[in-house]
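Have a look at the structure below, then the notes.
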Amino acid sequence: MSVATPPPWFRPGIEALCALDPDFACIEPAAGPLPWRWRPRGFAGLVRTVLGQQISNQAAEAIWRRFAALPGALEPAGALGLTDEQFRAAGLSRPKVAHLRSLAAAALDGTLRLDTLGSMEDAEAVAHLAAQRGLGPWTAQVHLLFAEARPDVFPHGDVALAAALAHLKGLPERPSPRALTLMAEGWSPWRSLAARLLWHHWRHVTGRPAGESD
Numbered sequence: 001m002s003v004a005t006p007p008p009w010f011r012p013g014i015e016a017l018c019a020l021d022p023d024f025a026c027i028e029p030a031a032g033p034l035p036w037r038w039r040p041r042g043f044a045g046l047v048r049t050v051l052g053q054q055i056s057n058q059a060a061e062a063i064w065r066r067f068a069a070l071p072g073a074l075e076p077a078g079a080l081g082l083t084d085e086q087f088r089a090a091g092l093s094r095p096k097v098a099h100l101r102s103l104a105a106a107a108l109d110g111t112l113r114l115d116t117l118g119s120m121e122d123a124e125a126v127a128h129l130a131a132q133r134g135l136g137p138w139t140a141q142v143h144l145l146f147a148e149a150r151p152d153v154f155p156h157g158d159v160a161l162a163a164a165l166a167h168l169k170g171l172p173e174r175p176s177p178r179a180l181t182l183m184a185e186g187w188s189p190w191r192s193l194a195a196r197l198l199w200h201h202w203r204h205v206t207g208r209p210a211g212e213s214d
């Protein structure tokens with residue numbers, strides 16, 4: 001995950017979010033300024049998110065670096081041209097190989113319309129991505145949050161977000177995805193910033209990377 005200059009709505013959005021829920025105002029004074037972490041748009045960014053599914057950040061980063069170094073790997077046509085041996089040498093499991101090939105084929109035949117995500121509303125974009133084989137709502141939401149810089153997308157199934165919120169608010173247990181979704185409604189239209197701040201908070205209190213924050 002790269003760090004870059006944030007969009008102009010970043011700081012005003014955080015101020016507005018803290019007005020909606022003052023608990024968020026406690027995060028940056030303790031954890032430091034929130035960095036703007038991002039991923040590339042399009043196929044490359046989606047690949048990076050897919051490679052991070054269900055494994056540690058450190059393992060995902062190592063696999064990503066090896067995969068991204070393969071010639072043409074970050075374009076659909078190039079990815080389809082890779083051999084099984086090249087995929088496996090980068091550290092991808094057999095299911096991940098099949099998954100990425102399916103996504104590359106869908107991008108080429110127009111089933112997966114990454115180039116038109118910008119014209120879709122949040123719910124439409126999540127539904128479009130999640131309809132692809134192997135992509136669920138979490139992957140779709142994380143891609144829109146980090147690669148498309150959407151301000152109001154919240155990955156409600158993320159365990160680290162639930163743990164961070166429970167810690168921040170002193171809850172007796174982590175909220176369920178449904179409860180987290182309902183709580184996040186009060187942070188609209190800045191739910192992406194809420195997610196970023198919660199991941200930032202969890203990194204600080206645990207001393208380790210938190211979900212998609214790294």
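Residue numbering for the sequence shown follows my numbering, starting at 1 and increasing by one per position.
Every residue, glycine too, gets a C-beta built ideally from N, C-alpha and C.
Classification of residue i by the beta-carbon crowding that lies within 10 angstroms, buried from 16 upward
{"i": "K169", "result": "exposed"}
{"i": "D122", "result": "buried"}
{"i": "G110", "result": "exposed"}
{"i": "V3", "result": "exposed"}
{"i": "E212", "result": "The predicted model places E212 with a pLDDT of 48, which falls under 50 and marks its position as unreliable; any figure quoted below should be read in that light. By the neighbour-count rule (16 or more Cβ atoms within 10 Å), E212 is buried."}
{"i": "A210", "result": "Only weak support is given to the placement of A210: the predicted model assigns it a pLDDT of 49, under 50, and the value that follows is read from those uncertain coordinates. A210 is buried by the Cβ-count criterion."}
{"i": "L182", "result": "exposed"}
{"i": "P76", "result": "buried"}
{"i": "P172", "result": "exposed"}
{"i": "W64", "result": "buried"}
{"i": "A60", "result": "buried"}
{"i": "T139", "result": "buried"}
{"i": "G207", "result": "exposed"}
{"i": "D19", "result": "Reading the sequence as shown, one finds Ala at residue 19 and not Asp. The residue is exposed, with fewer than 16 neighbouring Cβ atoms inside 10 Å."}
{"i": "T49", "result": "buried"}
{"i": "V159", "result": "exposed"}
{"i": "P8", "result": "exposed"}
C-beta contact flag for residue i and residue j at 8 Å
{"i": "L17", "j": "F24", "result": "yes"}
{"i": "L161", "j": "A195", "result": "yes"}
{"i": "L144", "j": "L135", "result": "no"}
{"i": "I27", "j": "H201", "result": "yes"}
{"i": "V142", "j": "P155", "result": "yes"}
{"i": "V97", "j": "D84", "result": "yes"}
{"i": "A73", "j": "L82", "result": "yes"}
{"i": "A90", "j": "L108", "result": "no"}
{"i": "A147", "j": "G45", "result": "yes"}
{"i": "W199", "j": "A164", "result": "yes"}
{"i": "L92", "j": "Q132", "result": "no"}
{"i": "H204", "j": "A30", "result": "yes"}
Three-state class that DSSP yields for residue i in the structure shown
{"i": "A131", "result": "coil"}
{"i": "G90", "result": "Note that residue 90 is Ala in the sequence shown here, rather than Gly. Coil at A90, not helix or strand."}
{"i": "W190", "result": "coil"}
{"i": "D221", "result": "The question about residue 221 has no answer, for the chain in this structure spans 1 to 214."}
{"i": "S56", "result": "coil"}
{"i": "P8", "result": "coil"}
{"i": "L70", "result": "coil"}
{"i": "L80", "result": "helix"}
{"i": "G118", "result": "helix"}
{"i": "G215", "result": "Residue 215 lies beyond the range of the chain shown here (1 to 214); nothing can be said about it."}
{"i": "R75", "result": "The amino acid occupying residue 75 in the given sequence is Glu; Arg does not appear at that position. Coil."}
{"i": "G207", "result": "coil"}
Strand pairing of residue i, partner residues [DSSP]
{"i": "V3", "result": "R37"}
Interface flag, residue i vs chain C, CB-CB below 8 Å
{"i": "G91", "result": "The structure shown has no chain C; it contains just one protein chain."}
- Item | Complete runs of the alpha helix (DSSP H) confined to the segment 133-179 [at least 4 residues] | 137-146 and 159-169
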